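If you read the sequence shown in the working numbering, its first letter stands for residue 817, the second for the next number, and so on. Even glycine gets a Cβ: it sits at the ideal position worked out from N, Cα and C. Being a predicted model, the structure only gives us computed values, none of them experimental. Written out below as structure tokens is the structure these notes cover.
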Amino acid sequence: MVENTSNIKKHTCPTCGGQLIVNEVRKMYECPFCGVTFDYEYFREDDVLERASRAIRAGEFQSAKDAYEFMLAKEPSNFEALRGMILVYAGARSTAEFADPKKLKTKNTPAVDEKIQYAIEHCLPEHQSYFSKMKELFDAADVYEEGLNTNKDLRSDQKREYSEMQRMEDKKGELFFHVNDPQDPAADMIKIHPRSIAGMLIGLYVFYAIFVLLIFGAMKNPYTKTTSEKTRST
817 MVENTSNIKK
827 HTCPTCGGQL
837 IVNEVRKMYE
847 CPFCGVTFDY
857 EYFREDDVLE
867 RASRAIRAGE
877 FQSAKDAYEF
887 MLAKEPSNFE
897 ALRGMILVYA
907 GARSTAEFAD
917 PKKLKTKNTP
927 AVDEKIQYAI
937 EHCLPEHQSY
947 FSKMKELFDA
957 ADVYEEGLNT
967 NKDLRSDQKR
977 EYSEMQRMED
987 KKGELFFHVN
997 DPQDPAADMI
1007 KIHPRSIAGM
1017 LIGLYVFYAI
1027 FVLLIFGAMK
1037 NPYTKTTSEK
1047 TRST
């Protein structure tokens, strides 16, 4: 029991930070504050990272998070734990998922940025370049997403413009001038298509041109001119 007491003094709950107690019956550590329990083996430091790694590969992110937080409480600059926390908050099972920009942009959140910055500030000097490169990678994902959004907006604008042009083209044959009878509003509306007006104007123009040509021809016709002079002399 003395051995357990000495052990428990250095173990705190990674969930709430409370001091754990030993449950001799269940052979487990228990947190009297939040109720979380841990196997004895959980706190053997040489096994914590391995269990965390297995948990994260299985997609059990909360279990992995608890293990990494426990390790960081004991060793704040632990490389595997710092990297593991980034994976946990990104919802990624390995850093290989960061290689695809399409996947990376869905994993990039303020919480992930915060964990990367924490890793840069707390890691050993020889690991700073690694986490700095990871930060650059996630920053590039932001630029990639902004580019996608801009491209999407441009495509949306083009689609709207095309739709408007198509709508105008479809409506072109349906344009009418609507004329109501002011004295009888109940009378049927007269609808005149612009092409009809254009046809009427062209017809009038042709008729006028023919009329002018006939008059001009009559004036130049010698027979018509002689007849006209005889008429005036009589």
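Item to check | Closest by C-alpha distance to K890, when choosing among E876, L865, C850 and H943 | outcome: Translated into the one-based positions of the sequence shown, residue 890 becomes position 74. That would be L865, whose Cα lies nearest to the Cα of K890.
Next on the checklist: Short of 7 Å in beta carbon distance, which residues of its chain neighbour A906, apart from the five on each side in sequence? Order them along the chain.
Outcome noted: Within the sequence shown, residue 906 is the residue found at index 90, counting from 1. So the qualifying residues of the chain are K923 and V928.
Checklist entry - Looking at the unbroken beta strand (DSSP E) that takes in E846, where does it start and where does it end? => result Here residue 846 is taken as the residue at index 30 of the sequence shown, counted from 1. Residues M844 to E846.
Item to check | Closest residue to L940 among A874, P892, L1030 and Y845 (Cα-Cα distance) | outcome: Position 124 of the sequence shown, counted from the first residue, corresponds to residue 940. Looking at A874, P892, L1030 and Y845, the one whose alpha-carbon comes closest to that of L940 is P892.
Checklist entry - Among L1029, D863 and G833, which residue has its Cα nearest to the Cα of F849? => result For this step, residue 849 is matched to residue 33 along the sequence shown. Nearest of L1029, D863 and G833 to F849, Cα basis: G833.
Next on the checklist: Quick check: the Cα distance between F954 and E930, rounded to an integer number of angstroms?
Outcome noted: Working through the sequence shown from its first residue, we reach residue 954 at position 138. Working through the sequence shown from its first residue, we reach residue 930 at position 114. CA-CA distance, F954 to E930, rounds to 12 Å.
Checklist entry - In its own chain, which residues sit with a C-beta less than 6 Å from the C-beta of F895, not counting the 5 before and 5 after it? => result Sequence index remark: in the sequence shown, residue 895 carries index 79 (1-based). When the five nearest sequence neighbours on each side are left out, the beta carbons in the same chain lying within less than 6 Å of the beta carbon of F895 are those of H943, in order along the chain.
Item to check | Enclosing beta strand (DSSP E) for D855 [first to last residue] | outcome: Your numbering for residue 855 matches position 39 in the sequence shown. Start and end: T853 to D855.
Checklist entry - For D855, which residues from the same chain have a beta carbon less than 7 Å from its beta carbon, with the 5 sequence-adjacent residues on both sides left out? => result Your numbering for residue 855 matches position 39 in the sequence shown. Listed in chain order, the non-local C-beta contacts of D855 below 7 Å within the same chain comprise M844, local neighbours out to five positions each way being set aside.
Next on the checklist: Between which two residues does the beta strand (DSSP E) holding V841 run?
Outcome noted: As a position in the sequence shown, residue 841 is number 25, starting the count at 1. Counting along the chain, V841 falls outside any beta strand (DSSP E), and DSSP gives it neither H nor E.
Item to check | Nonlocal neighbours in the same chain, by C-beta distance under 6 Å from E951, ignoring five residues either side | outcome: The residue given as residue 951 occupies position 135 in the sequence shown. Here residue 951 is Lys; the residue named in the question, Glu, does not match the sequence. Excluding residues within five positions, the ones whose Cβ falls inside 6 Å are I932.
Item to check | Extent of the continuous alpha helix (DSSP H) run through D882 | outcome: Here residue 882 refers to the residue found at position 66 when the sequence shown is read from its first residue. Following the DSSP letters along the chain, one finds D882 inside the alpha helix (DSSP H) bounded by residues F877 to K890.
Checklist entry - Going by C-alpha distance, which of E937, A871 and A915 is nearest L898? => result Counting from one through the sequence shown, the residue named residue 898 turns up at place 82. Taking only the C-alpha atoms, the option nearest L898 is E937.
Checklist entry - Near A871, what residues of its chain come up, given a Cβ to Cβ distance below 7 Å and the 5 sequence neighbours on each side ignored? => result The residue you call residue 871 lines up with position 55 of the sequence shown. A distance below 7 Å between beta-carbons, with the five flanking residues on each side excluded, links A871 to the following residues of its chain, in chain order: S879, A880 and A883.
Checklist entry - Of the residues A868, A935, Y946 and I1026, which one's Cα is nearest the Cα of R909? => result As a working note, residue 909 is residue 93 in the sequence shown. Measuring from the Cα of R909, the nearest candidate turns out to be A868.
Checklist entry - Secondary structure at T831, three-state DSSP: helix, strand or coil? => result Position 15 of the sequence shown holds residue 831. Reduced to three states, the DSSP call for T831 is coil.
Checklist entry - In whole angstroms, what is the alpha-carbon distance linking K949 and A912? => result Counting from one through the sequence shown, the residue named residue 949 turns up at place 133. Counting from one through the sequence shown, the residue named residue 912 turns up at place 96. Cα-Cα distance, rounded: 14 Å.
Next on the checklist: Please report the distance separating the alpha-carbon of M887 from that of L920.
Outcome noted: The sequence position of residue 887 within the sequence shown is 71, counting from 1. The sequence position of residue 920 within the sequence shown is 104, counting from 1. Across the structure, M887 and L920 are spaced so that their CA atoms are roughly 26 Å apart.
Next on the checklist: When you compare the CB positions of P830 and E876, do they come within less than 7 Å of one another, or not?
Outcome noted: As a working note, residue 830 is residue 14 in the sequence shown. As a working note, residue 876 is residue 60 in the sequence shown. The criterion of a C-beta distance shorter than 7 Å is not satisfied by P830 and E876.
Checklist entry - Is it right to say F993 is buried, meaning 16 or more other beta carbons lie within 10 angstroms of its own, or is it exposed? => result By 1-based counting over the sequence shown, the position of residue 993 is 177. Because the pLDDT at F993 is just 45, under 50, the model does not fix this residue reliably, and the value given afterwards should be weighed accordingly. Residue environment for F993: exposed (fewer than 16 other C-beta atoms within 10 angstroms of its C-beta).
Checklist entry - Since P941 is in the alpha helix (DSSP H), which residue starts that stretch and which ends it? => result Walking along the sequence shown from the start, residue 941 turns up at place 125. Element bounds for P941: n/a, residue is neither H nor E.
Item to check | Nearest-angstrom Cα separation, counted from I1026 out to D997 | outcome: Translated into the one-based positions of the sequence shown, residue 997 becomes position 181. Translated into the one-based positions of the sequence shown, residue 1026 becomes position 210. Summary for D997: the model assigns pLDDT 48, below 50, so the residue's position carries little reliability, and this model does not support an answer.
Item to check | Buried versus exposed, by CB contacts within 10 Å (16 or more), G900 | outcome: Position 84 of the sequence shown, counted from the start, is the residue given in the question as residue 900. Counting Cβ neighbours within 10 Å, G900 comes out buried, since at least 16 surround it.
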